[in-house]
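K.L.:
Please see the structure below; I have some questions.
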Amino acid sequence: MQFWIIQGLNSLSFGGLLFLLSSGFSLIFGLMRLANLTHGAFFMLGTYFGAIALRTYDGLNLWVTALGAGFAVAAIGGLFERLVLTRLRSNPLGQVLVTLGMAFIISDACLVLWGGDSIPVPTPQNLQAPTRVFGFVFPTYRLVLVGCAVASALALYFLLERTRLGAMIRAGVDDRQMARAVGIPVSNLFTVVFCLGAGIAGAGGVLGGPILSAYPGLDADMLPLALIVVILGGIGSLLGAFIGSFVIGLIYTFGTALFPELAYIILFLPMIVVLAFRPQGLFGRVGA
Amino acid sequence: MASDALSLANVHAFYGDSHILHGVSFSLQPGAVLALLGRNGAGKTTCISTIIGFLKPRDGDIRLFGEPIGGLSPERISRLGIGLVPQGRRIFPSLTVRENLTVARQRESTAANPWTVNRIYEMFPPLRERHAQFAGTLSGGEQQMLAIGRALMGNPRVLLLDEPSEGLAPLIVAEVGRAIRRLKQEGQSIVLVEQNIQLALDVADQAVILNTGRCVFAGSAAEVLNNEQLVEQNLGVFHAH
């Protein structure tokens, strides 16, 4: 019984982490039709920024650090989009190669700057005491992470579906040329979308830090997870990314606990099944 | 001339290698309605696309109240005050009716009596009933009203209407005609592209006829109505009376 409850909570918190990782990827893919393979590197960059900042400045708050790292990664992402990706519009193969190349560059830069040892990100002091759930002890921080994921999902939903800015972005997705003809600066808005997606990854990287730590190869570990979540949930669907994150969190946590030698099969098999039988994903629209 | 609302002078435009507009020139007076006529393929929509900036003119000059706009981006041209009701309506299907209007809101400070969502609803009451519905679920006539409303929300100095009666039932066509007349009364300068020549010449003051990318006539709408030969030659089967 303890095993199921603890692993259930573990899946939940891992799902929260996965949403912070993959929502930005889903956002960029869904709105800009851009498979941003730099996303894992943005996440890792966030984790490194957080780890270094917290190591350097004593008493720095994790949440403030996450916000700062989010803005920093958003700025880097924005520059990358403006200077490079806008030149590759309607060239998907070029976009894939360039974003992958950028991922390698960031990855190597981190290795050069911060070395090959993993750098821990400390859990905030006030969250270090465990919480009792149904009489079982569970790390408080992991539960807070789930709250972060839910909060960011709600914020993203509100921004995209309930504000004029969100409607302008969706208008640009519906009919880019016509949106421009009613005065919507579509290209600038898509840069905003890219910054937002990269920024969420950067902030998510810091928030995932206490669980994952910053280490070389973190980007390559995270990118496939983002891909799996988004393919399972449905490309460009925020709800899909949300549900997909928790489904994958569940499958991965229980899979590795019950059949550790089959971890990757358990992870990738659902993705292959979905691709074969429901290519639009669980919540994706046909043709989207 | 600076007194023209919109003027084209010797405009050449290409789709790839094909030369579509061969030196088109005409000008729209402020507060007037100009009917842009011609057979299918005469270059009417290309002309509209060039004015709004979808297509860059290879040569020639386009001015909005004396300000050159040729070759600017569509969003710049829109912000300078050209509103487009495109062929095929092209409303944003996954936005609600209200969102379709609000995303296009701009230039409020330039107009004496700026358009608001409510004023659009007063002009087209069916849109008010459907304000929360996705625009993709509207009927053709409602989509046309929405497309006109969306263009007006930008408070344009010149409104381009590309075939607003296309594919609509006669009753709806009449309603669109009434809307155009009302806008004209309010002093809106309009370029109206129409296959429905009766509708166009009914409301228009000026007329321009294109034939294979060239201006073959520019004058008053009444002249076109009274010149059967001109109509026969350039517009096909239409009989004025």
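Protein chains in written order, with our numbering: chain A, 1 to 288; chain B, 1 to 241.
Just so it is clear, CB atoms sit at the ideal spot from N, CA and C, and this is done for glycine as well.
Use the C-beta contact count for N305/B: other C-beta atoms within 10 angstroms, 16 or more gives buried, fewer gives exposed.
P.N.:
Residue 305/B is absent from the structure shown; chain B starts at 1 and stops at 241.
K.L.:
Considering Cα atoms alone, identify which of Q133/B, P125/B, W115/B and A147/B is closest to E186/B.
P.N.:
Looking at the Cα atoms, W115/B is the closest of the given residues.
K.L.:
What runs of the beta strand (DSSP E), each 3 residues or longer, lie entirely inside the region 107-135 of chain A?
P.N.:
Listed in chain order, the complete beta strand (DSSP E) runs (minimum 3 residues) inside the region 107-135 of chain A are 131-133.
K.L.:
Can we say the region 198-211 of chain A touches the region 54-74 of chain A, given the rule of at least three CB pairs closer than 8 Å?
P.N.:
A contact exists between the region 198-211 of chain A and the region 54-74 of chain A.
K.L.:
Quick one: grab the DSSP three-state call for H12/B.
P.N.:
In this structure, H12/B counts as strand in the three-state DSSP scheme.
K.L.:
Pair every Cβ in the region 50-60 of chain B with every Cβ in the region 127-138 of chain B, then say whether three or more of these pairs are closer than 8 Å.
P.N.:
Touching, no.
K.L.:
How many angstroms separate the CA atom of I180/B from the CA atom of L160/B?
P.N.:
The alpha-carbon atoms of I180/B and L160/B are separated by roughly 11 Å.
K.L.:
Can you name, in chain order, every residue of its own chain whose Cβ lies under 6 Å from the Cβ of P216/A, other than the five neighbours on each side?
P.N.:
L111 and G116, listed in sequence order.
K.L.:
For the region 111-181 of chain B, list the beta strand (DSSP E) runs that are entirely contained and at least 3 residues long, ordered along the chain.
P.N.:
Those beta strand (DSSP E) runs which fall completely within the region 111-181 of chain B and span 3+ residues are 158-162.
K.L.:
Could you please tell me which residues of the region 51-63 of chain B, in chain order, have their CB closer than 7 Å to any CB of chain A?
P.N.:
If the cut-off is 7 Å between Cβ atoms, the region 51-63 of chain B has I52 and F54 near chain A.
K.L.:
R150/B and I77/B look like a contact to me (Cβ under 8 Å); what is the Cβ gap, rounded to whole Å?
P.N.:
Not confirmed; about 16 Å, so no contact.
K.L.:
Going along the chain, which residues of its own chain have a beta-carbon closer than 6 Å to the beta-carbon of R142/A, five neighbours each way excluded?
P.N.:
Hits under 6 Å: S13.
K.L.:
Note down, in chain order, all residues in the region 166-191 of chain A with a beta-carbon under 8 Å from any beta-carbon belonging to chain B.
P.N.:
Answer in chain order: A167, M168, R170, A171, V173, D174, D175, Q177, M178, A179, R180, A181, V182, G183, I184, P185 and V186.
K.L.:
Tell me the residue span of the beta strand (DSSP E) that contains G68/A.
P.N.:
Looking at the DSSP string, G68/A is not in any beta strand (DSSP E); the run it does join, the alpha helix (DSSP H), is L62 to L83.
K.L.:
Return helix, strand or coil for P68/B, following the three-state DSSP convention.
P.N.:
Residue state, collapsed to three classes: strand.
K.L.:
Whole angstroms are fine: how far does the CA of L84/B sit from the CA of I235/A?
P.N.:
Rounded to the nearest angstrom, the two C-alpha atoms are 32 Å apart.
K.L.:
Looking at G154/B: is its Cβ nearer than 8 Å to the Cβ of A200/B?
P.N.:
No, they are not a contact pair.
K.L.:
By how many angstroms is the C-alpha of R79/B removed from the C-alpha of S109/B?
P.N.:
Their Cα atoms are separated by approximately 12 Å.
K.L.:
When the Cα of G140/B is compared with those of A112/B, Q87/B, R178/B and R98/B, which residue comes out closest?
P.N.:
Nearest option by C-alpha distance: Q87/B.
K.L.:
Ordered along the chain, which non-local residues of its own chain (more than five positions away) have a Cβ less than 6 Å from that of H131/B?
P.N.:
Hits under 6 Å: V97 and R98.
K.L.:
Between R82/A and chain B, is the shortest Cβ-Cβ distance under 8 Å, so that the two count as touching?
P.N.:
No, R82/A does not count as interfacial toward chain B.
K.L.:
Is there contact here, the region 154-171 of chain A with the region 36-45 of chain A, by at least three beta-carbon pairs under 8 Å?
P.N.:
Contact between the region 154-171 of chain A and the region 36-45 of chain A is absent, because fewer than three Cβ pairs lie under 8 Å.
K.L.:
Rounded to whole angstroms, what's the CA-CA distance from G66/B to T86/A? Just pull it up for me.
P.N.:
Using only the alpha carbons, I get a separation of about 33 Å.
K.L.:
Any beta-carbon of chain E closer than 8 Å to the one on R33/A?
P.N.:
The structure shown has no chain E; the protein chains it does contain are A and B.
K.L.:
Compare the C-beta of F164/A against all C-beta atoms of chain B and say whether one is closer than 8 Å.
P.N.:
The question names Phe, yet the displayed sequence has Arg at residue 164/A. Yes, because at least one Cβ of chain B sits closer than 8 Å to the Cβ of R164/A.
K.L.:
Comparing C-alpha positions only, which one of A53/A, L9/A, F3/A and M44/A sits nearest to D221/A?
P.N.:
Nearest of A53/A, L9/A, F3/A and M44/A to D221/A, Cα basis: M44/A.
K.L.:
I'd like to know whether the C-beta of G287/A is nearer than 8 Å to at least one C-beta of chain B.
P.N.:
Residue placement at G287/A is flagged as unreliable, the pLDDT there being 44, under the threshold of 50; the coordinate-derived value follows with that caveat. Closer than 8 Å: no.
K.L.:
Please report the straight-line C-alpha distance between L17/A and V273/A, rounded to a whole angstrom.
P.N.:
Rounded to the nearest angstrom, the two C-alpha atoms are 24 Å apart.
K.L.:
Does the beta-carbon of A214/A have 16 or more other beta-carbons within 10 angstroms, so that it is buried, or is it exposed?
P.N.:
A214/A is buried by the Cβ-count criterion.
K.L.:
Which of the three DSSP states is assigned to Q206/B in this structure?
P.N.:
Note: Q206/B maps to strand in three-state DSSP.
K.L.:
Quick check on Q106/B: buried or exposed, where buried means 16 or more other Cβ atoms within 10 Å of its Cβ?
P.N.:
With 16 or more other Cβ atoms within 10 Å, it is buried.
K.L.:
Pull out every residue of the region 145-164 of chain B whose Cβ sits closer than 9 Å to any Cβ of chain A, in chain order.
P.N.:
Under the 9 Å Cβ criterion, the region 145-164 of chain B contributes R150, A151, M153 and G154.
K.L.:
Quick one: what does DSSP say H239/B is sitting in, helix, strand or coil?
P.N.:
The pLDDT assigned to H239/B is 48, lower than 50, so where the model puts this residue is not dependable, and the model offers no usable value.
K.L.:
Do you know whose CA, among Q229/B, V208/B and Q188/B, lies nearest A42/B's CA?
P.N.:
Cα-wise, what sits closest to A42/B is V208/B.
K.L.:
Identify whether M1/B lies in helix, strand or coil by the three-state DSSP scheme.
P.N.:
For M1/B, the pLDDT reaches just 49, beneath the cut-off of 50, and the residue's location in the model is therefore unreliable, leaving the point undetermined.
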